[in-house]
Structure formats: structure tokens, C-alpha cells
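Per the working numbering, the very first residue in the sequence shown carries number 1; after that it's consecutive. Data block below; observations after.
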Amino acid sequence: MIRRLNDGREYRIVKNFYEPEELTTRCAAAGLAVAVCETATYFIYGAGERAIDD
């Protein structure tokens, strides 16, 4: 996707759209224990730490 700034500069950006459950699963597969939440306006955010192996 192309983003244009008010000063006319353009940047090509990549956006990845995940569902919170999918992002939680992907984080777990990478060894991260993350709680992912969604705001009322569809932003998602998470907090966590490296998963501890027993």
C-alpha cells in the first residue's frame, strides 16, 4: 500500500491484519506468552514475555 504524507512524500508500507487469536497463536509458536486484546476501534495490542519451559 502507498502512504502519502501531507508534504507529498510517498512511502510503500506493508500492513498485516491479524485476528487477536491468530496473533496469540503465532506468538506462542515463537516462544512468547502474550495476551492480545482488541480495542473498540479494531486496534489490537499485546503484552507478554518469553514463555518459560519447564
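Think of the CB as a built atom: it goes at the ideal place given N, C-alpha and C, for glycine as much as any other residue.
- Around the Cβ of Thr24, a 10 Å sphere holds 16 or more other Cβ atoms; the residue is buried.
- With fewer than 16 other beta carbons inside 10 angstroms of its own, Val14 counts as exposed.
- If you draw a straight line from the Cα of Glu19 to the Cα of Cys37, it comes to about 10 Å.
- Inter-residue distance for Ile2 and Glu49 is about 33 Å (C-alpha atoms, whole angstroms).
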